[in-house]
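Encoded as structure tokens, the structure appears first; notes follow it.
Number of protein chains: 2
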Amino acid sequence: MKEKRNIYLTNIPLKEAQETYFSRVDILNLNSETEVVPVRESLDKVSVSPIFARKSSPNYNAAAMDGVAVVAAETYGATEINPLRLKRNSGFEFINTGGHIKEPYDAVIMIEDIVEIDKDWIEIYESANLWQHIRPIGEDIVEGELIISANHQIRPVDIGALLAGQIKEVEVYKLPRVGIIPTGSEIIDVSEEMTAGKIIESNASMFAAMIKQYQAIPKRYPVVVDEYNLIKEQVLKAVEENQLVVVNAGSSAGSKDYTVDVLREIGEVVIHGVATKPGKPVILAIVKGKPVVGIPGYPVSAYFTFEFFVKPLVAKLNHRPLQQPTTLRAYLSRRVVSSLKYEEYIRIKLGLVNDKMIATPLERGAGVTMSLVRADGVLVIPQQSEGYEGGTEVEVQLLKSTNEIQNTIVSIGSHDLVMDLLSDQLHYNHNNIYLSSAHVGSLGGIMAMKKGECHIAPVHLLDTVSGNYNEAYVKRYLNDQQIALIKFVGRSQGLMLKGGNPKGIKGIKDLQRPEVTFVNRQRGAGTRVLLDYHLSKEEIESSQIQGYEREMTTHMAVAAAIAGGTADCGLGIYSAAKAMGLDFIPIAWEDYDLLVTQEALKDVKILSLLETLKNTEYIKKIEALGGYKTDRIGEIIIL
Amino acid sequence: MKEKRNIYLTNIPLKEAQETYFSRVDILNLNSETEVVPVRESLDKVSVSPIFARKSSPNYNAAAMDGVAVVAAETYGATEINPLRLKRNSGFEFINTGGHIKEPYDAVIMIEDIVEIDKDWIEIYESANLWQHIRPIGEDIVEGELIISANHQIRPVDIGALLAGQIKEVEVYKLPRVGIIPTGSEIIDVSEEMTAGKIIESNASMFAAMIKQYQAIPKRYPVVVDEYNLIKEQVLKAVEENQLVVVNAGSSAGSKDYTVDVLREIGEVVIHGVATKPGKPVILAIVKGKPVVGIPGYPVSAYFTFEFFVKPLVAKLNHRPLQQPTTLRAYLSRRVVSSLKYEEYIRIKLGLVNDKMIATPLERGAGVTMSLVRADGVLVIPQQSEGYEGGTEVEVQLLKSTNEIQNTIVSIGSHDLVMDLLSDQLHYNHNNIYLSSAHVGSLGGIMAMKKGECHIAPVHLLDTVSGNYNEAYVKRYLNDQQIALIKFVGRSQGLMLKGGNPKGIKGIKDLQRPEVTFVNRQRGAGTRVLLDYHLSKEEIESSQIQGYEREMTTHMAVAAAIAGGTADCGLGIYSAAKAMGLDFIPIAWEDYDLLVTQEALKDVKILSLLETLKNTEYIKKIEALGGYKTDRIGEIIIL
């Protein structure tokens, strides 16, 4: 097996890379296949040529009202005082809206404006103007009129107009075909059995869905293992069968990253490495006259690189203008630091709090798929910028609709599984209301509340002096605000341990044993406050604990670390331990509550949340998790 | 045959009608069918329940960098000065990004930071922190974590995350089925032969496409003629087969409008008649526990009524929030008057001229399909309002993307077929640039230019004193602006006559013959100025001409009126006469030019337009129309 490393990637600015590569692709003159389809099946397809109406619509003079068709010249002189009588079939004819006005008739009088004397005679009280209440030939569409241009994406109203203009068929571009090749010896299909060291193929499936949204046809090839010749074979086959090919991954410079060498052998690598983060190790190549893009493997890098390069290429192949993202202006809730080396793409949570749109940066790891799922938008930090201070007004590209963002309750604070369930139940009961959570710990939640960055803050903070939960902290930090406490759950905190407790841990005291490794929560988390309280009670120094410095931001992440064997124990809630099949030693019951401003209690979103909290179905779900008390749920305490 | 009239419709405000009807539909508890689909096929479908990760991702501790796996504790003390040597397979192992970190290793050092001494030994220069450059189990997704809520429309990133969380299948709602019944004895299919008095079925096909865009499955039934029992039968069948049924039309109160009576017999009519324009005669009914909506027949009324009632119903059936229209703020270019009786929906052309978004109202006829095709947005005038003055800032609901609107050249002025061709050619050559035209005549164009409402104004105005075209008018009306004239075409104006010229018309003089009927252009049209000039030369009074008062806004509309037999002749351009197969008596050659501000000559959109004007393919198309001179096309005259 060939082993080598391409340590050197270029660091070309994104715009420059796009311009260079796309202008190379432009001169390839990629041929576009066309087809003729019935107009009724042409929705969302793109016209090849302009289309002019074959006939006028209406193609006859039509009544615009229900009434009688008359000869205008014969009605002159009719008034309220001197009504005029007209005889059926010689002086007038009854006609319905849309009816054909035949000679000699040239005006319509509305049914409301006549009086029927008997079945043959009517009286009118006003003269009719020539052509009144008649839709003349071509009023709707005139023969020869341009209905749609070339390169026009056909909409429902266009279909209506084309048919009205007597167009039956339309020549459109066929959708381009995009080949997607997943590579990697560690990649398996979701249907295969999972073992350590294996990763489920997910990027190529995400790409296939993105390609469908770009209005093209994805073809996903089977996973290719990291072997030079197999990759080469598959790329050549895909180039044959598609107008554009995507290889994922192997685009970086590791010893198993063959993609760039393969593409160099069978084609030309125009660019390898772009100055964006995430997304850097992209390959932009041309093979046998067709564009081939090598996309990095980390899900978030993969997503962005795909948007940077594949989306515009598909738009080109599709004869459609590239859809620009919708943006909105928002204020950063905290400082964002960025390297001068890259243009950086930061996932953002948005929330409209007190009529101010707040942008909160999410985790930045290239591998954190869930940060993409949770993101409402993206903030682009230019290559020349070191980032932005908190409070700066920035422009955010939207990943969700403005409507959804405006109807989202923003929660910043402590994490608990009951919050996930609440988010789900709320949206289930109130289809147009959403709950989004950022997990920054209880103290982080209080600070967010103080700065007006969230609607609610879930907290569980023990006042070690009074033994009281939450209220003391509100009084200490939020005494200038009108705050209310929504009682949520009592929950059982304790030591989560590997199943069977192989190290025989019995309590907090055992944490100082040198062979016991611990995994901690982040600074500001209520669970960490609780740990420190118990450590000081037992007079244990944090430096005596192996792993005290290793921080996770959720209970489930701590539980996962223990289940995965990288730590022996950690402090957390019963439900998380149970979900991961861990042993559990209870340490304390604590109050996990929601802070909210008193003003917000009138907000329809918060009222919906309160209603959901008391929903019996929801309470049943909490109780099924285990380790919770729900007897005070939904109670409001004005502080 | 039963003949009757339902003259009385209610006039209920739209919001009230929606609330009343939708709350009635809500309690029907329309059952939603679900299905289980592979995650990869779940794009755009809506989840039935919340979905939690089955396993963590990664489900092993993975290298986050290419490098070497080491035991952190064994690296302490390594510095630049005192490097540490590690032995392969006992002290370290080479590892690629994504590789499995096995015990006892617990840190990764990047490949760039080591020196390979030989094939067995490396040197490191810094100690490694515990877990550095390792993606711990669950970093991406933690087992049990909520990936998507219930009632969530699945996106590409969700598909990626679901697969990464080892979810293979997902339960989703089946798309609802919507039955569409076109009715009307005058309606024929586009495949049938056209005769006078017939109208091609286009609404139901437009509805089917709209239903697809709403993410549901349309079922279009064959056209039913206006017979009570046939309509009843078809509605009953459709109610059986679908979750929602739309009947079009027969919703009004004409003698053949059976829909409301049918729905009253087999179900309940909740509302008949809503206070909107267009859209008034809608029927909102419930038949056998399912919603049935009767939609009026005029295309524009049909479109809006469908959006008002069918779209929200489909969103309900679909468990999706109703998509709110995107809006933008714009300034009205002219006054819009509205009745206090209705909430009015005005089609709007938008254009960004001199950094100001200008909204120009389009024709308001309920039957004018092309006004919907051309519209960029919709202005809603509340029921209690009499309309808005010109210059008012209003909120416009968008029908096109902001991007398209910003890249559109706004043309206001005279109409010519070469403008239609130009619009097409420009967009063909420049995929992201659009040209939109409003036809208000040459003087209207000059006024729009004066008020800064358009980028270009096509004009052909004869100065009867100097015999000069256009320049004199610019000097008279636009002397305070820096204007340039882009020479466009010379064109042949003349009398358009019914083929064979049955009335033996030889010239302008014949227009005063009492048996000759004329069709005119609107006030402010250059063609009308030309007519009046020739009438005064021949000393003919306008009152002597039959039809002088009948106004059309385009050459093609005049030609269509003559071809349709409602007039004997009209003044217009050769190409229009030729397109409609009319005879033509030339009267004059005139200069049809484009006005533009000198400032705009630097605008990339206008530069693209100039390039397109000189495009040989485009010039060929103009010449193929006949009646044009193109020798000065694209020449710029600074005035």
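These protein sequence lines are chains W and B, in that order. Sequential numbering of the first sequence, starting at 1, is according to the UniProt record's numbering. Sequential numbering of the second sequence, starting at 1, is according to the UniProt record's numbering. Note that beta-carbon positions come from the ideal geometry of N, C-alpha and C, so glycine has one too. As the structure is a prediction and not an experimental result, all values here were calculated from the model.
Please identify the residue among the options whose C-alpha is closest to the C-alpha of residue i.
{"i": "B:Asn-354", "options": "B:Ile-409, B:Thr-327 and B:Tyr-548", "result": "B:Ile-409"}
{"i": "W:Lys-288", "options": "W:Lys-316, W:Leu-322, W:Lys-232 and W:Gly-250", "result": "W:Lys-232"}
{"i": "W:Gly-626", "options": "W:Val-489, W:Ile-187, W:Asp-603 and W:Ile-167", "result": "W:Val-489"}
{"i": "W:Tyr-469", "options": "W:Asn-89, W:Lys-45 and W:Trp-589", "result": "W:Trp-589"}
{"i": "W:Cys-454", "options": "W:Gln-493, W:Asp-510 and W:Ile-412", "result": "W:Ile-412"}
{"i": "B:Leu-322", "options": "B:Phe-22, B:Ile-587, B:Val-516 and B:Ala-624", "result": "B:Phe-22"}
{"i": "B:Ile-638", "options": "B:Lys-487, B:Ala-525 and B:Ile-295", "result": "B:Lys-487"}
{"i": "W:Ile-633", "options": "W:Lys-602, W:Leu-601, W:Asp-593 and W:Leu-607", "result": "W:Asp-593"}
{"i": "B:Gly-165", "options": "W:Thr-369, W:Phe-94 and W:Pro-382", "result": "W:Thr-369"}
{"i": "B:Ser-301", "options": "B:Glu-343, B:Pro-458, B:Pro-291 and B:Ala-563", "result": "B:Glu-343"}
{"i": "W:Trp-131", "options": "W:Ala-275, W:Ala-64 and W:Val-239", "result": "W:Ala-64"}
So, using beta-carbon positions, are residue i and residue j closer together than 8 Å?
{"i": "B:Leu-421", "j": "B:Tyr-618", "result": "yes"}
{"i": "B:Met-357", "j": "B:Leu-595", "result": "no"}
{"i": "residue 640 of chain B", "j": "B:Val-115", "result": "Look at the range of chain B in this structure, 1 to 639, and you will see that residue 640 of chain B is not part of it."}
{"i": "W:Gln-234", "j": "W:Tyr-214", "result": "no"}
{"i": "B:Gly-572", "j": "B:Met-496", "result": "yes"}
{"i": "residue 655 of chain W", "j": "W:Arg-476", "result": "Residue 655 of chain W falls outside the range modelled here, since chain W spans only 1 to 639, and no answer is possible."}
{"i": "W:Ser-90", "j": "W:Val-172", "result": "no"}
{"i": "B:Thr-360", "j": "B:Gly-250", "result": "no"}
{"i": "W:Lys-280", "j": "W:Leu-9", "result": "yes"}
{"i": "W:Val-373", "j": "B:Val-157", "result": "yes"}
{"i": "W:Leu-362", "j": "W:Ile-405", "result": "no"}
{"i": "W:Ile-124", "j": "W:Asp-106", "result": "no"}
{"i": "W:Arg-521", "j": "W:Arg-528", "result": "yes"}
Is there a Cβ of chain B sitting closer than 8 Å to that of residue i, yes or no?
{"i": "W:Ser-205", "result": "yes"}
{"i": "W:Gln-213", "result": "yes"}
{"i": "W:Ile-147", "result": "yes"}
{"i": "W:Lys-4", "result": "Low confidence applies here, because W:Lys-4 scores a pLDDT of 47, under 50, leaving its location unreliable and the question unanswered by this model."}
{"i": "W:Met-1", "result": "Any reading at W:Met-1 must be qualified, since the residue scores a pLDDT of 32, below 50, and its modelled position is unreliable; the value itself is stated next. Not an interface residue."}
{"i": "W:Lys-290", "result": "no"}
{"i": "W:Asp-140", "result": "yes"}
{"i": "W:Leu-43", "result": "yes"}
{"i": "residue 697 of chain W", "result": "This structure does not reach residue 697 of chain W, given that chain W is present from 1 up to 639, and the question cannot be answered."}
Between residue i and chain W, is any beta-carbon pair separated by less than 8 Å?
{"i": "B:Val-368", "result": "yes"}
{"i": "B:Val-373", "result": "yes"}
{"i": "B:Gly-572", "result": "no"}
{"i": "B:Ala-588", "result": "no"}
{"i": "B:Asp-480", "result": "no"}
{"i": "B:Ile-200", "result": "yes"}
{"i": "B:His-319", "result": "yes"}
{"i": "B:Thr-10", "result": "no"}
{"i": "B:Thr-554", "result": "yes"}
{"i": "B:Pro-299", "result": "yes"}
Checking contacts by CB at 8 Å: is residue i closer than that to chain A?
{"i": "W:Pro-458", "result": "Here the protein chains are W and B, and chain A is not one of them."}
**Request:** State whether the segment 329 to 336 of chain W contacts the segment 379 to 391 of chain W, with contact taken as three or more CB pairs (one from each stretch) at a distance under 8 Å.
**Result:** yes
**Message:** Would you call the segment 28 to 46 of chain W in contact with the segment 397 to 407 of chain B, where contact means no fewer than 3 C-beta pairs closer than 8 Å?
**Reply:** No: the two stretches stay apart, fewer than three of their Cβ pairs being nearer than 8 Å.
**Message:** Quick check: the segment 141 to 156 of chain B against the segment 34 to 53 of chain B, are at least 3 beta-carbon pairs closer than 8 Å?
**Reply:** yes
**Prompt:** At a Cβ cut of 9 Å, what residues of the segment 107 to 125 of chain B count as close to chain W, listed as they run along the chain?
**Reply:** Ile-111 and Glu-112
**Item:** Residues from the segment 417 to 439 of chain W in contact with chain B, defined by Cβ distance under 7 Å
**Value:** Cβ proximity to chain B below 7 Å picks out Asp-420, Ser-423, Asp-424, His-427, Tyr-428, Asn-431 and Asn-432 from the segment 417 to 439 of chain W.
**Request:** With 9 Å as the C-beta to C-beta threshold (strictly closer), list the residues of the segment 155 to 172 of chain W near chain B in chain order.
**Result:** Answer set for the segment 155 to 172 of chain W: Arg-155, Pro-156, Val-157, Asp-158, Ile-159, Gly-160, Ala-161, Leu-162, Leu-163, Ala-164, Gly-165, Gln-166, Ile-167 and Lys-168.
**Item:** chain W contacts made by the segment 58 to 88 of chain B, where a contact means CB separation under 7 Å
**Value:** Pro-58, Asn-59, Tyr-60, Asn-61 and Asp-66
**Request:** Give a yes or no on contact between the segment 200 to 217 of chain W and the segment 256 to 271 of chain W, applying the rule of three or more CB pairs nearer than 8 Å.
**Result:** no
**Prompt:** Are the segment 174 to 182 of chain B and the segment 126 to 144 of chain W touching, with three or more C-beta to C-beta distances below 8 Å?
**Reply:** no
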